[in-house]
Amino acid sequence: MNLTLKIWRQKDSNTKGQMVDYKVTDISEHMSFLEMMDVLNEQLVNSGEEPVAFDHDCREGICGMCSMYINGEAHGPDRGITTCQLHMRMFKDGDTITIEPWRAKAFPVIKDLVVDRTAFERIQQAGGYISVNTSGNTQDANAIPISKHAADEAMDAAACIGCGACVATCKNSSAMLFVGAKVSQYALLPQGQIEAADRVRNMVEQMDAEGFGNCTNTGACEVECPKGISLDTIARMNRELMKANLK
Amino acid sequence: MSVLNSKVPKGPIKDKWTTYKDKINLVNPANKRHIDIIVVGTGLAGGSAAATLAELGYNVKAFCYQDSPRRAHSIAAQGGINAAKNYQGDGDSTYRLFYDTVKGGDYRSREANVYRLAEVSTNIIDQCVAQGVPFARDYGGLLDNRSFGGVLVSRTFYAKGQTGQQLLLGAYSAMNRQIARGKIQMYNRHEMLDVVKVDGKARGIIARDLITGKIERHSAHAVVIASGGYGNVYFLSTNAMGSNATAAWKIHKKGAFFANPCYTQIHPTCIPRSGDYQSKLTLMSESLRNDGRIWVPKNMDDVMAIREGRKKPTDLSEDERDYYLERRYPAFGNLVPRDVASRAAKERCDAGYGVNATGEAVYLDFAAAIERYGKEQAKIHHIENPSKAKITELGEAIVEAKYGNLFQMYEKIVDQNPYKTPMMIYPAVHYTMGGVWVDYNLMTTIPGCYCIGEANFSDHGANRLGASALMQGLADGYFVLPYTIGDYLSDDIRTGPIPTDSKEFDDVEKEVKDRIDFFMNNKGTKSVDYFHKKLGGIMWDKVGMSRNATGLKEAMVEIKAIREEFWKEVKVPGGANEMNPELEKAGRVADFLELGELFAKDALTREESCGGHFREESAEEDGPQKGEAKRNDKDFAFVSAWEYKGEPADAVLHKEELEFKDIELKQRSYK
Numbered sequence: 008m009n010l011t012l013k014i015w016r017q018k019d020s021n022t023k024g025q026m027v028d029y030k031v032t033d034i035s036e037h038m039s040f041l042e043m044m045d046v047l048n049e050q051l052v053n054s055g056e057e058p059v060a061f062d063h064d065c066r067e068g069i070c071g072m073c074s075m076y077i078n079g080e081a082h083g084p085d086r087g088i089t090t091c092q093l094h095m096r097m098f099k100d101g102d103t104i105t106i107e108p109w110r111a112k113a114f115p116v117i118k119d120l121v122v123d124r125t126a127f128e129r130i131q132q133a134g135g136y137i138s139v140n141t142s143g144n145t146q147d148a149n150a151i152p153i154s155k156h157a158a159d160e161a162m163d164a165a166a167c168i169g170c171g172a173c174v175a176t177c178k179n180s181s182a183m184l185f186v187g188a189k190v191s192q193y194a195l196l197p198q199g200q201i202e203a204a205d206r207v208r209n210m211v212e213q214m215d216a217e218g219f220g221n222c223t224n225t226g227a228c229e230v231e232c233p234k235g236i237s238l239d240t241i242a243r244m245n246r247e248l249m250k251a252n253l254k
Numbered sequence: 114m115s116v117l118n119s120k121v122p123k124g125p126i127k128d129k130w131t132t133y134k135d136k137i138n139l140v141n142p143a144n145k146r147h148i149d150i151i152v153v154g155t156g157l158a159g160g161s162a163a164a165t166l167a168e169l170g171y172n173v174k175a176f177c178y179q180d181s182p183r184r185a186h187s188i189a190a191q192g193g194i195n196a197a198k199n200y201q202g203d204g205d206s207t208y209r210l211f212y213d214t215v216k217g218g219d220y221r222s223r224e225a226n227v228y229r230l231a232e233v234s235t236n237i238i239d240q241c242v243a244q245g246v247p248f249a250r251d252y253g254g255l256l257d258n259r260s261f262g263g264v265l266v267s268r269t270f271y272a273k274g275q276t277g278q279q280l281l282l283g284a285y286s287a288m289n290r291q292i293a294r295g296k297i298q299m300y301n302r303h304e305m306l307d308v309v310k311v312d313g314k315a316r317g318i319i320a321r322d323l324i325t326g327k328i329e330r331h332s333a334h335a336v337v338i339a340s341g342g343y344g345n346v347y348f349l350s351t352n353a354m355g356s357n358a359t360a361a362w363k364i365h366k367k368g369a370f371f372a373n374p375c376y377t378q379i380h381p382t383c384i385p386r387s388g389d390y391q392s393k394l395t396l397m398s399e400s401l402r403n404d405g406r407i408w409v410p411k412n413m414d415d416v417m418a419i420r421e422g423r424k425k426p427t428d429l430s431e432d433e434r435d436y437y438l439e440r441r442y443p444a445f446g447n448l449v450p451r452d453v454a455s456r457a458a459k460e461r462c463d464a465g466y467g468v469n470a471t472g473e474a475v476y477l478d479f480a481a482a483i484e485r486y487g488k489e490q491a492k493i494h495h496i497e498n499p500s501k502a503k504i505t506e507l508g509e510a511i512v513e514a515k516y517g518n519l520f521q522m523y524e525k526i527v528d529q530n531p532y533k534t535p536m537m538i539y540p541a542v543h544y545t546m547g548g549v550w551v552d553y554n555l556m557t558t559i560p561g562c563y564c565i566g567e568a569n570f571s572d573h574g575a576n577r578l579g580a581s582a583l584m585q586g587l588a589d590g591y592f593v594l595p596y597t598i599g600d601y602l603s604d605d606i607r608t609g610p611i612p613t614d615s616k617e618f619d620d621v622e623k624e625v626k627d628r629i630d631f632f633m634n635n636k637g638t639k640s641v642d643y644f645h646k647k648l649g650g651i652m653w654d655k656v657g658m659s660r661n662a663t664g665l666k667e668a669m670v671e672i673k674a675i676r677e678e679f680w681k682e683v684k685v686p687g688g689a690n691e692m693n694p695e696l697e698k699a700g701r702v703a704d705f706l707e708l709g710e711l712f713a714k715d716a717l718t719r720e721e722s723c724g725g726h727f728r729e730e731s732a733e734e735d736g737p738q739k740g741e742a743k744r745n746d747k748d749f750a751f752v753s754a755w756e757y758k759g760e761p762a763d764a765v766l767h768k769e770e771l772e773f774k775d776i777e778l779k780q781r782s783y784k
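Residue numbers (our numbering), protein chains in the order written: chain A, 8 to 254; chain B, 114 to 784.
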């Protein structure tokens, strides 16, 4: 199929960006979206132009690096996937596709489609861990039984890949699904209880300091999340925060 | 004579590590504050090492090329992590894990290292649970296990199909705690481009800030390389797009020997390739072989009918199918080790029985498992005489709970529903057992330069068993390196900070800058990918699943020719002082073009078949093992450690003889 691409080009964080049109031809429907981008970039390199910079790495939907806003949707027009898992069979011959970076105050553009997500790093550093040193003599892994239900639910929250689609898709640029997922994972496990109050307070404080917006229960994040993180995690985070503040 | 000293401690194998730990020199906490360590790579090995070293009190500088340490490719490991916990009471023990790993590696690994790995494996699970890693549990609340290829016990711990992700996030959380304390300085979007030696010791690195293009000098008292494997030398592999060998190759060129580059794991269960545009291959976890049965049609007529779309795989009755692994290896069946399963798939496809248009695919079928689980569930739920549809529904629910994310991944890529029709799979490059040579301390032949995780060669011999990569990465990073590096650094307590304004830093920085200038100024005509794909094609065809002397000699000549063309014709657009992904790729491919040739040379030198290295000239000629790999212990029971001498073809071989005192050398039979 033949396609027209409208892509955000921006030299660096200090330069103004703009949408630029490109054409690609002979795209197979079995290609992934990023393989289509490879075709475009190979074309640009061969004609002496600078290729489009975009983040990508594992190309199997787990590293969380890829981050394109395609036709107005984070990770494009399919559900439960990252950009790298989007396939061209979702498009038709002759389509025009608009490709933008994540747009949020807390995610400044570095170049073209690449954004700076280190705000997420700082939130995790504020409390996204259990304080246990490596010793080799913590208690036996089976010493504290954990109900299968709690373990599974913690795993579902922990499945977050930190891609930032939730922020990109939220009209408030809220990071609550991301933070809620991490808070929930630890809140559901006995190992996470001791620091629970400090953890949620510190992570939420850092989230606010980074300039992420608030949650107004629209639920777009849950729809666009490639890993199906549930809105329940936000409710749990709010509950944890309230509990912490009452202490 | 060899200059290699493995420094394996004396004494019985069971006591070596304990005795070693009792006797090493320690650095007191006050002095650790004055010692800096650089860790390159933040996967399971690098991440766990950085966190642990920082907890101990060292000043750690950690580097990764991704925008966050959490994105290192360990994250993509699906199936699980082995540990000799024996929670299932099925006969597991440290010795058995040790034995399985040495046997699985086709007796080409160092016994003492493997025993230590098995010994600390149980600590890993304890540590990860304490960190909040949500491992799968059974209804009693205790940890669940599954079985993996090449073993007869269930010792694999898992977190759905995302075990690597959860373990890495555990290590990442431990890192975050230390970053917050200021004990780890984290350099995201940075790439190490060379190592700096002062007085023969590794004392720093030159790195490029991938956002600004700035070339930076970083000094330390020791440098730890944890940059993963070199599978992307094949262009197509299950590695991440950015996975590269540059850090490992640069230390090789500065004096670290490179060991067994020809030991590569071709993983049997990957999604087959579909076209020339393909940028990478996707693995389907080996855990699927617990429940999936692998087959091709028995009759060529059916193969043709399937390829032409006249028949569906589900149309074939049981006796029209060839479950070739169950047929050839009755004891292990679908759970033979990876190298054996891959070669068996290749054998069937080479014979013409491949089931897709390219002829390079076999079936992985879940119908039997769905029926088995469905019947079991019907019984549990007291459903009398369940209908076939009900059984299927119940069975699919169990399969979904076990492998749901993998099935979804498959469906997104292939556009077929694997609950209803068998998956198509084919082997793909997945992991490299070879790597930088290290001694028992995990130190390379450059003093003060360590290498851990997949980047080193140490524990898996010629073939790695499933769920052992995660184990090794975390063992090295959490429990081995933090001890061994202290012994070395105890000499550095009075050294003081290493200055970066020395001649040594000047010289290496100049080399790095010259190479970048070359790429920016070379007005070539071909893209970096052009060369990478060409290299990958040769590697797959001539240095792939089976190898022979003629092909390997050709490969060496052809790779050298591509390398020469690369340095004339490569074209890199953009500038040096900005984010430039093409420039990053150019440097990595330049290194692969050297590594590929050494790889072929190593494969040519090793005139035996062992593990992932199959030489056509060395196969069993008759008897029950006819056609199976033939190892030659008399002549090849050694590690090939290569010393850099300029051109890869001129590399000098050093042999570390392997001694097997605790395990009897036997033919590896899974029949």
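Glycine residues also receive a C-beta, built at the ideal position from the N, C-alpha and C atoms.
Everything numeric in this text was worked out from a predicted model, so none of it was measured.
Item	Value
Can you tell which of His82(A), Ala150(A), Trp109(A), Arg129(A) has its C-alpha closest to the C-alpha of arginine 294(B)?	Arg129(A)
Can you give me, in chain order, the residues of the region 124–143 of chain A that have a beta carbon less than 8 angstroms from any beta carbon in chain B?	Arg124, Thr125, Phe127, Glu128, Gln131, Gln132, Ala133, Gly135, Tyr136, Ile137, Ser138, Val139, Asn140, Thr141, Ser142, Gly143
Going by beta carbon distance, what residues of the same chain come within less than 7 angstroms of isoleucine 559(B), once the five residues before and after it are set aside?	Lys310, Ala315, Ile364, Lys367, Gly368, Ala369
Just the Cα atoms here: how many angstroms apart are glycine 193(B) and aspartate 620(B)?	44 angstroms
Under 7 angstroms Cβ-Cβ, which residues of chain B neighbour asparagine 53(A)?	Ser640
Determine whether the Cβ of glycine 785(B) lies closer than 8 angstroms to any Cβ atom of chain A.	Here chain B has residues from 114 to 784 only, and residue 785(B) is not among them.
Tell me the residue span of the alpha helix (DSSP H) that contains isoleucine 776(B).	Looking at the DSSP string, isoleucine 776(B) is not in any alpha helix (DSSP H), and its letter there is neither H nor E.
Can you give the beta carbon distance from valine 337(B) to isoleucine 151(B), rounded, assuming they're within the 8 angstroms contact cut?	7 angstroms
Are at least three pairs of beta-carbons, each pair with one atom in the region 324–332 of chain B and one in the region 509–522 of chain B, less than 8 angstroms apart?	no
Would methionine 26(A) be called buried (16 or more neighbouring beta carbons within 10 Å of its own) or exposed?	exposed
Residue range of the alpha helix (DSSP H) that methionine 633(B) falls in?	616–634
Looking at the ligand MN, does it come within less than 7 angstroms of asparagine 209(A), judged from the CB to the closest heavy atom?	Looking for the ligand MN in the displayed structure turns up nothing, as the structure carries no ligands at all.
From serine 753(B) to leucine 555(B), what does the alpha carbon distance come to, in whole angstroms?	17 angstroms
For the region 53–83 of chain A, which residues have a beta carbon sitting closer than 9 angstroms to at least one beta carbon of chain E?	In summary, chain E is missing from the structure at hand, where the protein chains are A and B.
At which residues does the alpha helix (DSSP H) containing glutamine 50(A) begin and terminate?	40–53
If you follow the beta strand (DSSP E) that valine 166(B) is part of, which residue opens it and which one closes it?	As written in the sequence, residue 166(B) is leucine, which differs from the valine given in the question. First-last for leucine 166(B): 157–169, but that is the alpha helix (DSSP H), not the beta strand (DSSP E).
For threonine 663(B) and arginine 744(B), I'd like the C-alpha separation in whole angstroms.	20 angstroms
Under 8 angstroms between C-beta atoms, does asparagine 21(A) make it to chain B?	no
Within 8 angstroms, do at least three Cβ pairs link the region 399–414 of chain B to the region 454–465 of chain B?	yes
Can you round the beta-carbon distance between asparagine 209(A) and glycine 134(A) to whole angstroms, since I take them to be within the 8 angstroms contact cut?	4 angstroms
By the 9 angstroms beta-carbon criterion, what residues does the region 192–203 of chain A contribute toward chain B?	Gln192, Tyr193, Leu195, Leu196, Gln198, Gly199
Based on the DSSP output, what are the partners of cysteine 383(B) in its beta bridges?	Leu396(B), Tyr539(B)
Would you tell me roughly how many angstroms separate the C-alpha atoms of asparagine 149(A) and alanine 335(B), rounded to the nearest one?	37 angstroms
Measuring alpha carbon to alpha carbon, tell me which of Leu394(B), Ile538(B), Gly317(B), Asp415(B) ends up nearest leucine 401(B).	Ile538(B)
Roughly how many angstroms separate the alpha carbons of lysine 501(B) and alanine 185(B), rounded to a whole number?	44 angstroms
For lysine 758(B), which residues from the same chain have a beta carbon less than 7 angstroms from its beta carbon, with the 5 sequence-adjacent residues on both sides left out?	Ala764, Val765
Return the residues of the region 316–343 of chain B that lie within a Cβ-Cβ distance of less than 7 angstroms from chain A, sorted by chain order.	Ile324
Tell me which residues share the same chain as glutamate 617(B) and place their Cβ nearer than 7 angstroms to its Cβ, disregarding the 5 neighbours each side in the sequence.	Val309, Lys310, Val311
With 8 angstroms set as the bound, which would you pick, yes or no: does the beta-carbon of phenylalanine 520(B) sit closer than that to a beta-carbon of chain A?	no
In whole angstroms, what separates the C-alpha of arginine 386(B) from that of arginine 206(A)?	45 angstroms
Could you check the C-alpha separation between glutamine 278(B) and serine 54(A) for me, to the nearest Å?	39 angstroms
Spell out whether any CB of chain A is found under 8 angstroms from the CB atom of arginine 440(B).	no
Flag glutamate 42(A) as yes if its beta-carbon sits less than 8 angstroms from any beta-carbon of chain B, otherwise no.	yes
Which residues bound the beta strand (DSSP E) around phenylalanine 751(B)?	751–756
So what does DSSP say about isoleucine 108(B), is it helix, strand or coil?	It is not possible to answer for residue 108(B), since the shown part of chain B is limited to 114 through 784.
Would you call the region 541–554 of chain B in contact with the region 439–446 of chain B, where contact means no fewer than 3 C-beta pairs closer than 8 angstroms?	no
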